[in-house]
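There are 2 protein chains.
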Amino acid sequence: MDKAIGVMDSGIGGLTVAKEIMRQLPNERIVYVGDTARCPYGPRPSQEVKEFTWEMAKFLYHHDLKMLIIACNTATAVALEEIQEAFDIPVIGVIAPGARAAIKHTKNDHIGILGTIGTVRSKAYEHSLHDLRPTIETYPLACPKFVPLVESGEHAGSMAKKIVAETLQPLKSKHLDTLILGCTHYPLLQPLIEQFMGPSVSVISSGDETAREVSAILAYRNDLNGHNVEPRHHFYTTGSTTIFGRVAKEWLKNDKLRVEMIRLPRG
Amino acid sequence: MDKAIGVMDSGIGGLTVAKEIMRQLPNERIVYVGDTARCPYGPRPSQEVKEFTWEMAKFLYHHDLKMLIIACNTATAVALEEIQEAFDIPVIGVIAPGARAAIKHTKNDHIGILGTIGTVRSKAYEHSLHDLRPTIETYPLACPKFVPLVESGEHAGSMAKKIVAETLQPLKSKHLDTLILGCTHYPLLQPLIEQFMGPSVSVISSGDETAREVSAILAYRNDLNGHNVEPRHHFYTTGSTTIFGRVAKEWLKNDKLRVEMIRLPRG
Chain A
16 MDKAIGVMDS
26 GIGGLTVAKE
36 IMRQLPNERI
46 VYVGDTARCP
56 YGPRPSQEVK
66 EFTWEMAKFL
76 YHHDLKMLII
86 ACNTATAVAL
96 EEIQEAFDIP
106 VIGVIAPGAR
116 AAIKHTKNDH
126 IGILGTIGTV
136 RSKAYEHSLH
146 DLRPTIETYP
156 LACPKFVPLV
166 ESGEHAGSMA
176 KKIVAETLQP
186 LKSKHLDTLI
196 LGCTHYPLLQ
206 PLIEQFMGPS
216 VSVISSGDET
226 AREVSAILAY
236 RNDLNGHNVE
246 PRHHFYTTGS
256 TTIFGRVAKE
266 WLKNDKLRVE
276 MIRLPRG
Chain B
16 MDKAIGVMDS
26 GIGGLTVAKE
36 IMRQLPNERI
46 VYVGDTARCP
56 YGPRPSQEVK
66 EFTWEMAKFL
76 YHHDLKMLII
86 ACNTATAVAL
96 EEIQEAFDIP
106 VIGVIAPGAR
116 AAIKHTKNDH
126 IGILGTIGTV
136 RSKAYEHSLH
146 DLRPTIETYP
156 LACPKFVPLV
166 ESGEHAGSMA
176 KKIVAETLQP
186 LKSKHLDTLI
196 LGCTHYPLLQ
206 PLIEQFMGPS
216 VSVISSGDET
226 AREVSAILAY
236 RNDLNGHNVE
246 PRHHFYTTGS
256 TTIFGRVAKE
266 WLKNDKLRVE
276 MIRLPRG
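Respectively, the protein sequence lines represent chains A and B. Residue numbering for the first sequence follows the working numbering, beginning at 16 and increasing consecutively. Residue numbering for the second sequence follows the working numbering, beginning at 16 and increasing consecutively.
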């Protein structure tokens, strides 16, 4: 059986990355774990996020992977380098791809960054952007209400619209031309975010961009699947399979998708 | 001194790739060679294109490179794999990045491909697109008048507008939502191409996309330059330095740029 791409997140947010990998690389098999029971990661101390991330990484590593994606910005900010050093397969985070795409899009060097409290505190996007181009002006904004909203399955209603508008208000006057969704949960709110920010702001989803880089790096390593058989993906959650399953089926447009519950840490 | 990124093309087309690398990775130094004296490569037999490409590759390889970009679609189609196998540094072509970006953009799976006679004959884009997604409908079109037009420096006038319109007419009725500029000379004609095709068609420039992947792969290999000093780029052409210098200065918005003439093959 072909090796899989492991994707992990604090909850359902990483499905936005998984969806783009499925779309851009339909021959690749995905094993997904969402740590729904302990979501959100954003407000937790970084040491705790690091521990939880390692638990997911070890769980996935035993699934015969060719690549591991940390599809959670909060986890990428604190644990990417450590896990890259420890594993013998490529380990990809979502921050650098988002930063690179934002650099490609911006014309006026004014870039907004939406993220969790943990991601904003880490300044990981600022570092990544300034490493590439020191003149970029960054406008980070923590959006602590977004992840619970998405995890509850309420990402499209009038409540969501109100929360998005209230949260993003401070960015309206900043003359941004590019806005990074620095959390993989946020693409579920992307229509509302785009509507509020207006057409002059390009919204960058780390999911799309990470999938592009997964494709580039697997190709560079000559490690893409050649077959045209429909792969059997696997989904695991540490929480209730009901809400996870409902959002996953809707988001991935796949009614037959199976979700299994696991416990972390493994005893 | 930091290692450089080598960029080579049949002429000035690869400057569209070099420009994007300079914009997205302003700390990186570029050594460029354009084989202007033997341009265009498009109509030549593939064995000859392969020989010429090897001559440029060997010339650049002695400039202490960390990566080599074949910034010419015709050359990529015939020589990429051979050169990748022979060299101990990453060698990147422009076809796969363009194909991957087109797959990311298309919603209706109808993708047009503009290229030279050699690139269209090679079916390299079709192979690359179909490897990723077999259901893509491709509409290739050879545009043999475009490269001489660009190399002559006449890429913005009324003559250019007329040639673009006449050449692209057959694609108007194909319901494309994505069009790949499958030749690195064509981005100089991009404003005219976009104007003719209309806003419903996303035009993909292999230059932008290749630069994104260069950035991703150098980062993955931990090989990006950290300094913030302005790098000294080098430009070589096998032809007259006058037209090359004029277009390069205009396109790269750099008046101080120096262009040196070389002979290929090296005796």
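Note that the Cβ used here is the ideal one computed from N, Cα and C, for glycine as well.
ask   = Are the CB atoms of G49 (chain B) and I27 (chain B) nearer to each other than 8 Å?
value = It is a contact, given that the beta carbons lie within the stated cut-off.
request  = Compare the Cα-Cα distances from W266 (chain A) to each of A:I128, A:K189, A:M23, A:A33 and report the closest residue.
outcome  = A:A33
query = Based on Cα-Cα distance, which residue from B:D146, B:Q62, B:R44 lies nearest to G241 (chain A)?
reply = B:D146
query = Where does S221 (chain B) land, buried or exposed, given buried means 16+ other C-beta within 10 angstroms?
reply = buried
key: Close Cβ partners of P278 (chain A) (< 7 Å) along its chain, the five nearest in sequence each way excluded   = Note on residue identity: the sequence assigns Arg, not Pro, to residue 278 (chain A). Excluding residues within five positions, the ones whose Cβ falls inside 7 Å are T253.
inquiry  = Using beta carbons (cut-off 8 Å, strictly below), is Q39 (chain A) in contact with chain B?
reply    = yes
query = Pick from A:L129, A:G113, A:S167: whose alpha carbon is nearest that of S143 (chain A)?
reply = A:G113
Members of the region 216–237 of chain A that neighbour chain B once the beta carbon cut-off is set at 7 Å = The region 216–237 of chain A vs chain B, Cβ under 7 Å: D223, R227, E228, S230, A231, I232, A234, Y235.
query = By a C-beta neighbour count over all protein chains shown, 10 Å radius and 16 as the cutoff for buried, is V244 (chain A) buried or exposed?
reply = exposed
ask   = Using Cβ-Cβ distances below 9 Å, what residues of the region 110–129 of chain B are close to chain A?
value = A111, P112, R115, A116, I118, K119
key: Terminal residues of the alpha helix (DSSP H) in which H190 (chain A) lies   = First-last for H190 (chain A): undefined, no H or E at that position.
query = Hey, which unbroken runs of the alpha helix (DSSP H) at 4 residues or more fall wholly within the region 86–168 of chain B?
reply = 88–101, 110–120, 132–137, 139–147, 161–166
request  = Please list the residues of the region 141–159 of chain A that have a C-beta atom closer than 8 Å to any C-beta atom in chain B, keeping them in chain order.
outcome  = D146, L147, R148, P149
request  = Could you tell me which chain B residues have their CB closer than 8 Å to the CB of P105 (chain A), listed as they occur along the chain?
outcome  = Y235
task = Measure the C-alpha to C-alpha separation of I178 (chain B) and P149 (chain B) and round it to an integer number of angstroms.
result = 33 Å
Residue closest to P155 (chain A), alpha-carbon to alpha-carbon, out of A:T182, A:M276, A:I84 = Out of A:T182, A:M276, A:I84, the CA that lies nearest to the CA of P155 (chain A) is found in A:T182.
task = Can you have a look at M276 (chain B) and say buried or exposed, based on whether 16 or more other CB atoms are within 10 angstroms of its CB?
result = exposed
inquiry  = Is the separation between the beta-carbon of H3 (chain A) and that of V46 (chain A) shorter than 8 Å?
reply    = No information on residue 3 (chain A) is available, as it lies outside the stretch 16 to 282 that chain A covers here.
request  = Determine contact between the region 190–206 of chain A and the region 74–87 of chain B, defined as no fewer than three beta-carbon pairs at a distance below 8 Å.
outcome  = no
key: Cα-Cα separation, A263 (chain B) to P41 (chain A)   = 40 Å
key: Chain-order list of residues whose beta-carbon lies under 6 Å from that of G197 (chain B) (same chain, five-residue window excluded)   = Hits under 6 Å: N88, I128, L129, G130, T134, Y140.
ask   = Taking Cβ positions only, does T153 (chain A) come closer than 8 Å to chain C?
value = This model lacks chain C altogether, as its protein chains are A and B.
message = My output table needs one value for E245 (chain B): the three-state DSSP class, helix, strand or coil.
response = The DSSP-derived three-state label of E245 (chain B) is coil.
inquiry  = Are the CB atoms of T225 (chain B) and I98 (chain B) within a distance shorter than 8 Å?
reply    = Cβ distance not < 8 Å, so I98 (chain B) and T225 (chain B) don't count as in contact.
inquiry  = Using the three-state DSSP reduction, which class does S255 (chain A) fall into: helix, strand or coil?
reply    = coil
query = For S188 (chain A), which of A:G168, A:F211, A:M174, A:K176 has the nearest alpha-carbon?
reply = A:F211
ask   = Do you know whose CA, among A:A157, A:S167, A:D124, A:T193, lies nearest G260 (chain A)'s CA?
value = A:S167
key: Residue from B:E43, B:M37, B:I36 with nearest C-alpha to D17 (chain B)   = B:E43
Q184 (chain B) versus B:I232, B:C158, B:E169, B:G172, residue with shortest Cα-Cα distance = B:C158
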